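Some notes on the structure that comes next.
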Amino acid sequence: MIFANDISRRAALHFITTGTLLMATGPFTSSAEAAASPSFAVTTPIHIHSAMLRVRDLATMTDFYNRYMGLDILSQSHLETVLGKDGATLLTLLAKSTDEPDDKRSAGLFHTAFLMPTRKDLGQWLIFAVRNKIPFTGFADHFVSEALYLDDPEGNGIEVYADRSPLGWKWTDNLVTMGTEQLDLDNLVEGLPMEDSLPYVAPSGFRIGHMHLRVGDVDKAEAFYIGTAGLERTQRLSNSATFLANGHYHHHIGANIWQSRGAGKRKETMAGLESVSFSTALPLMDGLRGRLKASGADFRELGDVVEALDPWGTKVRFVPV
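Residue numbers (the UniProt record's numbering): 1 to 321.
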């Protein structure tokens, strides 16, 4: 989602200059690591499984997502790095040193949204990030969630967020109330230790909660991600953005034209988003195949996995679970 521009500079400076820094004897690990339960976002029949990025500097990008985002390196070679948590793959980085840089006017990635299992985990990571001078692009209270925004070293957008209880989300005619208000940073970190040791270790249950895409046309995005992929609209901002989900989550996919109105297919040799994968309940797979065939979408079978192309050439994979 979009973020507020009126950042609380006072609060950010407060994190850096005050507080009691706990002496650390090893990597900073969230206190919730041993006791997390699955977040609602990843319990629905269709939800985000993982993402894949094409990167120009594999070493730098691996270091960032491992040391600063807290993802574990599950496997690594000169061709790719697979990162995840709790043994689950979340992000694959493909080495593409000759790719041209991502063009924000093209279709592609707006941000990958990493979901913290608790609000406390989000506050602890915020303290860690500020004290390690990670630059932010925004902070926002979206009513259903609280979110922090930044970019990785190659300019790929990142959201780190924590959901509020779904019991408090407001729905009207199957549309959820979401907005963008200033985030209370002081409240988010109140009572938490001023911890900053590297590398950061993400808590158990850390997952990708949603993906937000740049697209060329919102109606075409809905035709594919609703009519074909099987998601449902949960909110729409006129003709500029749509938010889609399964199982009454606030959104698993966001799609906007804020920078990319009218964009055509992505260049195959451009850094940035390569693919998005959905975990899909096995009983839903046959219906998915039927919709793909009926729509004339470009798709193929990779073993049990179904891979389709969205209207802008992004690979969208459906992994049966």
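Glycine included, C-beta positions come from ideal geometry on N, C-alpha and C. Source: prediction; values computed, not measured.
Secondary structure at Glu80: strand, using DSSP grouped into helix, strand and coil. Spatial neighbours of Ser97 in its own chain (CB-CB distance under 6 Å, excluding positions within 5 residues in sequence) are listed in chain order as Arg56. Per DSSP, reduced to three states, the secondary structure at Arg164 is coil, with no helix or strand assignment. In the structure shown, the three-state DSSP call for Arg266 is coil. With fewer than 16 other CB atoms across the displayed protein chains lying within 10 angstroms of its CB, Ser77 is exposed. Secondary structure at Ser204: coil, using DSSP grouped into helix, strand and coil.
Remark: C-beta atoms of Leu288 and Val321 do not approach each other more closely than 9 Å. Here the stretch 69 to 89 makes no contact with the stretch 161 to 179; the two share fewer than three CB pairs at distances below 8 Å. Annotation for Ser75: Val82 place their beta carbon closer than 7 Å to its own, counting only its chain and skipping 5 residues before and after.
Pairing Met178 with Leu109, the inter-Cα distance amounts to about 21 Å.
The stretch 192 to 208 makes contact with the stretch 45 to 52, as at least three CB pairs between them are under 8 Å. Pairing Gly290 with Gly191, the inter-Cα distance amounts to about 52 Å. Looking at His250, Ser238 and Gly272, the one whose alpha-carbon comes closest to that of Ile257 is Ser238. Classified as exposed, Ser240 has fewer than 16 neighbouring CB atoms from the shown chains inside 10 Å of its CB.
When DSSP reads this structure, Met116 sits in a beta bridge with Ala162. If you look at Leu188, you'll find it isn't in any beta strand (DSSP E); it sits in the alpha helix (DSSP H) that goes Leu185 to Val189. Here Ile134 has Tyr68 and Leu150 as same chain residues with Cβ atoms under 8 Å from its own Cβ, once five neighbours each way along the sequence are excluded. One Cα belongs to Phe299, the other to Asp186, and the distance between them is close to 48 Å. By the neighbour-count definition (other C-beta atoms within 10 Å, threshold 16), Ser39 is a buried residue.
Across the structure, Trp312 and Tyr225 are spaced so that their CA atoms are roughly 12 Å apart.
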